[in-house]
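No gaps in the numbering here: position 44 of the sequence shown is 43 in numbering that gives the first Met the number 0, and each next residue is one more. Below: the structure, in structure tokens.
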Amino acid sequence: MPDSPEVVFDFAAIDFDTPGKRHYQLAFHLDSSWGYSLVPTTVIRGATSGGTGVAVIGGTHGNEYEGQIAVKRLCQSIEPDELRGLVILIPQLSESACRAGTRISPVDGVNMNRAFPGNARGSLSYRIANFLKTSVFPRVRVVIDIHSGGREAVFPLCTSFHRLPDAAQFAEIARAARLFDTPFLFVYSRQMSSGLLTDEAEDEGKIAIGGEFGAGEGVSAEGVRHAYEGSLNVMRHYGLLPSPVRPIAYPQHRQRLIQAADLADYRPCPRDGIWEPLAAPGDDVAKDQLLGYVHDFSDHSAPPLEIRAHRAGVLIARYSAAVCPRALTLFVIGEETGFPE
Ligand SMILES: [Zn+2]
């Protein structure tokens with residue numbers, strides 16, 4: 000059995016280089032009280048020299064659990080004597096949000112996935128982002144950030160990434176993302192938000208892969224399996240692990256690359272109401288197809304508002320919760336496109 004995690008106060012003391020497996024808790028001081036967010040981090044340096052680096056991160060959002068579980072499992076299962084290269088595992092990046100079971104950190108009110116590139120003198124989430132950028136990213140070629148939609152959105156099981164100006168980087172990301180064996184790969188708009196973990200990794204030329212492996216603040220065993228086995232497949236693909244890439248999905252399916260590059264395909268809810276969705280994530284939809292109703296209970300005699308598809312395509316995301324505020328993204332329709340060469 001490995002020793003229990005070592006609490007590290009000076010991050011220069013993290014040993015990324017000696018062959019072996021080390022479990023740490025990185026002590027980031029709190030902003031307004033004496034104490035710490037202890038961010039769990041496992042460093043596994045292979046016994047064989049050379050090889051590339053892979054970082055796998057869960058719990059960037061605290062109420063998304065598949066990544067937390069999958070990365071924790073990787074911390075236990077990967078052994079340095081079978082590894083060539085470096086694996087850095089962080090199962091609960093926004094540890095304070097994970098402990099609270101919330102999307103954003105209750106310590107500083109910051110969404111960890113909007114805090115990049117971070118700030119060494121900023122609040123907790125910005126300091127954690129800065130640590131990732133300055134201490135983890137320079138040591139790895141591949142960055143995997145595992146999400147689950149939280150309360151807001153439900154996606155079909157998918158990996159996700161952005162369209163990038165560098166065609167070779169985009170094609171390599173698409174190839175690596177396919178190794179998670181999800182039925183969908185979602186190419187989403189960078190305009191929808193900024194400061195994402197994967198934005199920063201992409202800008203540094205990394206093979207940056209996100210994904211949505213569950214929804215609704217539950218735990219999908221299928222999502223955990225794809226996140227865990229997919230991360231291992233990426234390590235196999237890049238030569239960190241000796242075994243061949245394995246299929247994950249059963250039954251097997253055709254993978255579909257769905258692109259929603261235009262903000263016009265991210266449709267805002269027209270009014271406050273109760274959302275009754277009629278189409279499922281991953282459905283092919285026709286233009287003007289009824290996707291659901293928004294109910295207004297201020298006048299129970301009025302008919303519900305019909306929500307229809309603004310275009311034909313694949314319903315790649317839709318709002319998850321019943322109570323939907325005006326202007327939140329109610330659904331996203333993307334179009335199927337070919338895989339890059
Ligand atoms: Zn998320």
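The C-beta atom is built at its ideal place from N, Cα and C for all residues, glycine as well.
Check: Proximity to R83 [Cα-Cα], best of G45, K132, N62 and L25; Outcome: G45
Check: Burial state of F183 (16 or more Cβ within 10 Å); Outcome: buried
Check: K132 (DSSP reduced to helix, strand or coil); Outcome: helix
Check: Own chain, CB closer than 7 Å to G19, minus 5 neighbours either side, in chain order; Outcome: R44 and P79
Check: Segment contact flag, the stretch 139 to 147 with the stretch 46 to 60, C-beta cutoff 8 Å, min 3 pairs; Outcome: yes
Check: Pick from E94, V70, A279 and A326 that is closest to R270, judged by C-alpha positions; Outcome: A326
Check: Heavy atom of ligand 1 within 6 Å of E63 beta-carbon; Outcome: yes
Check: Close-in-space but distant-in-sequence residues of the same chain around G222 (CB under 7 Å, 5 per side omitted); Outcome: E65, S147, L156, F212 and G213
Check: Whole-angstrom distance between P267 and S192, CA atom to CA atom; Outcome: 15 Å
Check: CA nearest to the CA of F27, picked from S76, F130 and G108; Outcome: F130
Check: Own chain residues within Cβ distance below 6 Å of P4, not counting five before or after; Outcome: H22, Y23 and Q24
Check: CB contact flag (R138, F15, <7 Å); Outcome: yes
Check: Per DSSP, cross-strand counterpart(s) of Q24; Outcome: V6 and P39
Check: Own chain residues within Cβ distance below 7 Å of S95, not counting five before or after; Outcome: S36, S104, P105, V106 and L123
Check: Neighbour-count burial assignment, K132, 16 or more Cβ in a 10 Å radius; Outcome: buried
Check: Own chain residues within Cβ distance below 8 Å of G342, not counting five before or after; Outcome: What the structure shows of the chain is the stretch from 0 to 340, and residue 342 is not part of that stretch, so it cannot be assessed.
Check: Beta bridge counterpart(s) of E178 as assigned by DSSP; Outcome: Checking the displayed sequence, the identity of residue 178 turns out to be Leu instead of Glu. BP columns for L178 are empty, so no partner.
Check: Expected contact under 8 Å - CB spacing of N118 and H60 to nearest Å; Outcome: Not quite, the Cβ-Cβ distance comes to about 20 Å (not below 8 Å), so this is no contact.
Check: Candidates T181, D180 and V186: closest to A170 by CA position; Outcome: V186
Check: Residue from V135, I77, E151 and L240 with nearest C-alpha to V322; Outcome: E151
Check: Where F296 falls: helix, strand or coil (DSSP); Outcome: coil
Check: Limits of the unbroken alpha helix (DSSP H) element including I68; Outcome: E65 to S76
Check: Cut-off 6 Å between Cβ atoms - residues of its own chain near G215, not counting five sequence neighbours on either side; Outcome: S319
Check: Near ligand 1: H146 beta-carbon under 6 Å from a heavy atom; Outcome: yes
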